[in-house]
Amino acid sequence: MNLTSSESAVRALVVSDDPLTIRQISEPLRELAATTEVCTDVPSAIRLVNTRKFETVVVDLKIGEQSRTILERVRLSPSNHTTVAFAITDSTKQSAMAFAAGSNFVLERP
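Next comes the structure, spelled out in structure tokens:
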């Protein structure tokens with residue numbers, strides 16, 4: 026596959042409203058040549074998951090109670106059901122919820 030500078034084989038969606046978290050997740054993805062899209066709210070993230078294909082989705086559960094819905098929609102989406110999903114959590118309880126909602130991996134804040 027030949028890629029131009031504006032194309033990438035990997036598309037990532039980062040869902041967070043925290044600028045530091047967005048930067049800490051997005052910068053390494055870009056260094057790995059991933060095209061990274063950022064959403065700061067749940068409805069916009071759900072729209073993107075329903076309309077675009079992503080190889081990875083990273084959801085910061087701090088954005089609210091409906092953040093679980095994003096992970097569930099990833100698993101229900103015909104184009105994203107095999108997407109690698111990460112959840113950023115604050116507790117073991119949140120981590121368990123993230124796995125139950127469809128996350129493959131969790132990054133638990135200290």
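So for the sequence shown, the numbering used here puts the first residue at 26; every next one is plus one. Heads up, the beta-carbon is just placed ideally off N, CA and C, and yes, glycines get one too.
Asked	Found
A58 versus I47: straight-line alpha-carbon distance, rounded	16 angstroms
Beta-carbon proximity of V84 to I95, cut-off 9 angstroms	yes
DSSP-derived helix/strand/coil call for F79	coil
Helix, strand or coil at R93 [DSSP, three-state]	helix
Coarse secondary structure for A112, derived from DSSP in three states	strand
For R36, three-class secondary structure by DSSP	strand
First through last residue of the beta strand (DSSP E) which encompasses L57	Here L57 belongs to no beta strand (DSSP E), and DSSP marks it neither H nor E.
Exposure of S116, with buried meaning 16 or more beta-carbon neighbours within 10 Å	exposed
Length of the line joining the Cα atoms of V99 and F124	13 angstroms
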